[in-house]
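Please read the structure below before turning to the comments.
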Amino acid sequence: MKLTLEETAMLNGEFGPATQKAMRILASIGDIYGAERMAKVEHVHVASGTVISTGKGGAQFIEWMAENGGQAQCYATVNPSAIDTNHWKRLRIPQDYYDWQIRLNNAYEKMGIITAYSCTPYLVGNVPHFGELMCSAESSAIPMYNGYFGARTNRQGNPSSLSSALTGRVPVYGLLLDENRFGNIVIDVKVPCRSEHDWATLGYFIGKHAVSKIPVLLGVEEGVSLDNCKMMCAGMNSSGAVPHFHIVGITPEAPTLSAALGGKKPLEVHVYDSAAKREVERHLCNAAGEAIDMVVLGCPHVSVHQLQRIARLLEGRHVKEGVLMEVLASDAIKAVADRQGLTKIVEDAGALLLSRTCPTCYPLGECMAVSLGIRSMATDSSKMAHYAAADSGRMPVYYGTTEQVIDAAVSGVWAAGEE
Ligand code: F3S
Numbered sequence: 047m048k049l050t051l052e053e054t055a056m057l058n059g060e061f062g063p064a065t066q067k068a069m070r071i072l073a074s075i076g077d078i079y080g081a082e083r084m085a086k087v088e089h090v091h092v093a094s095g096t097v098i099s100t101g102k103g104g105a106q107f108i109e110w111m112a113e114n115g116g117q118a119q120c121y122a123t124v125n126p127s128a129i130d131t132n133h134w135k136r137l138r139i140p141q142d143y144y145d146w147q148i149r150l151n152n153a154y155e156k157m158g159i160i161t162a163y164s165c166t167p168y169l170v171g172n173v174p175h176f177g178e179l180m181c182s183a184e185s186s187a188i189p190m191y192n193g194y195f196g197a198r199t200n201r202q203g204n205p206s207s208l209s210s211a212l213t214g215r216v217p218v219y220g221l222l223l224d225e226n227r228f229g230n231i232v233i234d235v236k237v238p239c240r241s242e243h244d245w246a247t248l249g250y251f252i253g254k255h256a257v258s259k260i261p262v263l264l265g266v267e268e269g270v271s272l273d274n275c276k277m278m279c280a281g282m283n284s285s286g287a288v289p290h291f292h293i294v295g296i297t298p299e300a301p302t303l304s305a306a307l308g309g310k311k312p313l314e315v316h317v318y319d320s321a322a323k324r325e326v327e328r329h330l331c332n333a334a335g336e337a338i339d340m341v342v343l344g345c346p347h348v349s350v351h352q353l354q355r356i357a358r359l360l361e362g363r364h365v366k367e368g369v370l371m372e373v374l375a376s377d378a379i380k381a382v383a384d385r386q387g388l389t390k391i392v393e394d395a396g397a398l399l400l401s402r403t404c405p406t407c408y409p410l411g412e413c414m415a416v417s418l419g420i421r422s423m424a425t426d427s428s429k430m431a432h433y434a435a436a437d438s439g440r441m442p443v444y445y446g447t448t449e450q451v452i453d454a455a456v457s458g459v460w461a462a463g464e465e
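The numbering used here numbers the first residue of the sequence shown as 47 and each following residue consecutively.
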């Protein structure tokens with residue numbers, strides 16, 4: 047790979063040991079994928095905010111980078127952590143996880159990484175422009191950046207995203223190149239998608255069929271919004287590993303079907319109709335007859351707009367005793383919610399408005415299932431439904447609309463929706 051003089055100096059250690067290691071990682075990745083050069087980046091989202099995913103060894107590596115001069119060179123945010131510092135004891139997070147998480151937090155802060163601890167970095171200012179080369183980890187954020195914003199990122203993990211943050215560089219390959227951004231399968235959407243639940247369900251269907259290909263959505267005429275698309279992207283990357291998407295006539299690289307497909311025929315066409323939708327709902331709603339122990343909203347982390355709706359649905363009601371209800375947000379969104387009285391409404395109803403974390407980022411099985419006796423969950427997120435079942439050894443999960451889930455939190459039982 048051809049490096050500039052400055053990049054060569056980084057590789058030779060002239061910017062310190064952490065920058066040298068970061069550049070070595072990026073150069074190796076670039077060689078593996080046949081990149082010809084590095085590009086400068088202004089926006090990076092780093093993967094591992096939680097010690098659950100870094101492990102102790104990974105946390106020590108990140109500490110080493112911080113102690114050896116690593117400094118963010120661009121607008122760099124980080125994914126959720128294992129703890130909400132206000133509620134970790136209530137959630138029975140073991141002291142050991144807390145201590146390691148604080149060490150990890152300190153390392154990120156020392157490096158000037160913006161400790162947003164959120165999987166929706168685009169809600170806290172990490173917003174690239176159309177066509178901008180960037181680097182993002184977090185499976186739900188990657189297709190948002192590529193498809194919704196029209197920026198360009200590959201699917202990145204922790205060492206690569208941290209290395210990009212510390213060098214301000216990314217190797218140019220894959221989705222950073224024009225020729226790799228076209229769609230190659232078509233999803234023919236025959237059923238109206240209006241609510242967040244509709245989009246979360248559609249996303250799960252897409253991931254199952256696209257796997258890692260790029261879907262082009264046809265027939266979508268309403269309901270496209272940032273909140274709906276983030277629910278779809280989270281679903282797509284639970285059942286699949288979809289890096290990018292197009293919606294014909296709507297997303298920036300898809301003015302027409304032909305443009306989205308690069309003038310080629312699609313490899314496959316999949317019809318998403320009401321039968322396909324019901325099949326996904328049945329698959330994700332695997333519980334029947336169990337009492338509800340836990341309710342989760344805000345996967346991916348909520349926007350203020352979503353939180354306003356949740357607060358309206360909860361106002362004047364109370365979560366049933368024995369049900370743990372979590373609404374997940376970033377610190378930044380929670381700060382606005384605090385000011386607008388939304389946090390008070392949620393908490394007066396007996397729910398927790400958690401910031402910086404989510405149940406897949408803290409040891410769900412260990413803390414919740416064992417210490418708190420959580421045996422079943424209700425959620426409106428296809429991603430959370432998927433991981434709750436998988437992470438906890440097929441926990442019974444109820445999956446439905448936000449309204450259904452809130453009703454379930456209040457009553458403690460699940461009322462099936464209309465077929
Ligand atoms: Fe975010 Fe956790 Fe869901 S990281 S996308 S809230 S599984």
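Yeah, the Cβ is synthetic: ideal placement off N, Cα and C, and Gly gets one too. Being a predicted model, the structure only gives us computed values, none of them experimental.
Would you check whether the ligand F3S has a heavy atom nearer than 7 Å to the C-beta of residue i?
{"i": "Y433", "result": "yes"}
{"i": "T50", "result": "no"}
{"i": "T389", "result": "no"}
{"i": "L370", "result": "no"}
{"i": "T406", "result": "yes"}
{"i": "K429", "result": "yes"}
{"i": "H347", "result": "yes"}
{"i": "S320", "result": "no"}
{"i": "C165", "result": "yes"}
{"i": "G285", "result": "In the sequence as presented, Gly is not what sits at residue 285; that position holds Ser. No, Cβ of S285 sits at least 7 Å from all heavy atoms of the ligand F3S."}
{"i": "A93", "result": "no"}
{"i": "A246", "result": "no"}
{"i": "S186", "result": "yes"}
{"i": "L374", "result": "yes"}
For residue i versus residue j, is the C-beta spacing smaller than 8 Å?
{"i": "Y250", "j": "L330", "result": "yes"}
{"i": "M35", "j": "A333", "result": "There is simply no residue 35 to check, as the chain begins at 47 and stops at 465 in what is shown."}
{"i": "V477", "j": "A122", "result": "Nothing in the structure corresponds to residue 477, since the chain is present only between 47 and 465."}
{"i": "V237", "j": "V87", "result": "no"}
{"i": "E361", "j": "I391", "result": "yes"}
{"i": "P312", "j": "L221", "result": "no"}
{"i": "A197", "j": "G158", "result": "no"}
{"i": "G193", "j": "T297", "result": "yes"}
{"i": "T403", "j": "V326", "result": "no"}
{"i": "G115", "j": "G177", "result": "no"}
{"i": "V451", "j": "D426", "result": "yes"}
{"i": "Y168", "j": "G80", "result": "no"}
{"i": "H316", "j": "D384", "result": "no"}
So, at 7 Å on beta carbons, what are the nonlocal neighbours of residue i in its own chain, with the 5 sequence-adjacent residues on each side left out?
{"i": "H351", "result": "D273"}
{"i": "C279", "result": "S186, P189, M190 and G249"}
{"i": "T213", "result": "M56, T65, A68, M69, L72 and Q119"}
{"i": "K254", "result": "S285 and G286"}
{"i": "I75", "result": "S206 and P217"}
{"i": "G496", "result": "The displayed coordinates of the chain run from 47 to 465. Any statement about residue 496 would go beyond what the structure contains."}
{"i": "A128", "result": "T96, V97, I98, I139, Y143, Q147, T403, C407 and Y408"}
Which same chain residues, not among the five before or five after residue i, have their C-beta less than 8 Å away from its C-beta?
{"i": "A300", "result": "G229, V262, H292, I293, V294 and A306"}
Could you compute how far the alpha carbon of residue i sits from the alpha carbon of residue j?
{"i": "D394", "j": "V270", "result": "32 Å"}
{"i": "S428", "j": "Y143", "result": "27 Å"}
{"i": "L400", "j": "E52", "result": "42 Å"}
{"i": "C345", "j": "D77", "result": "35 Å"}
{"i": "M340", "j": "S349", "result": "21 Å"}
{"i": "S182", "j": "E225", "result": "20 Å"}
{"i": "G95", "j": "L150", "result": "8 Å"}
{"i": "R70", "j": "L57", "result": "6 Å"}
{"i": "A375", "j": "A454", "result": "21 Å"}
{"i": "A434", "j": "L179", "result": "33 Å"}
{"i": "S258", "j": "P205", "result": "21 Å"}
{"i": "R138", "j": "N132", "result": "12 Å"}
{"i": "T166", "j": "P126", "result": "9 Å"}
{"i": "V310", "j": "D130", "result": "In the sequence as displayed, the identity of residue 310 is Lys instead of Val. The straight-line gap from Cα to Cα measures roughly 48 Å."}
{"i": "L49", "j": "R83", "result": "6 Å"}
{"i": "G59", "j": "N152", "result": "24 Å"}
{"i": "S422", "j": "E314", "result": "37 Å"}
{"i": "G335", "j": "R328", "result": "14 Å"}
{"i": "H432", "j": "T54", "result": "44 Å"}
{"i": "I420", "j": "G203", "result": "30 Å"}
{"i": "V369", "j": "S417", "result": "14 Å"}
{"i": "R486", "j": "E267", "result": "The chain is shown only over 47 to 465; residue 486 falls outside these bounds and no answer can be derived."}
Since residue i and residue j should fall inside the 8 Å C-beta cutoff, what is the C-beta to C-beta distance between them, to a whole number of angstroms?
{"i": "S207", "j": "K276", "result": "With 8 Å as the limit, S207 and K276 do not qualify as a contact, their Cβ atoms being about 19 Å apart."}
{"i": "W146", "j": "A105", "result": "6 Å"}
{"i": "K156", "j": "A112", "result": "4 Å"}
{"i": "A256", "j": "G286", "result": "5 Å"}
{"i": "D377", "j": "Y163", "result": "7 Å"}
{"i": "T448", "j": "L353", "result": "Contact flag wrong, Cβ pair sits at about 11 Å."}
{"i": "K380", "j": "G458", "result": "Contact doesn't hold; Cβ gap of about 26 Å is too wide."}
Let me check you understand the geometry: is the CB of residue i closer than 7 Å to at least one non-hydrogen atom of the ligand FMN?
{"i": "N125", "result": "Absent from the structure shown: the ligand FMN. Ligands present: the ligand F3S."}
Spatial neighbours of residue i within its chain, please: CB distance less than 6 Å, with the 5 preceding and 5 following residues excluded, ordered by chain position.
{"i": "R240", "result": "G269"}
{"i": "Y444", "result": "C331, A333, A424 and W460"}
{"i": "H243", "result": "D426 and T447"}
{"i": "T389", "result": "A383 and L399"}
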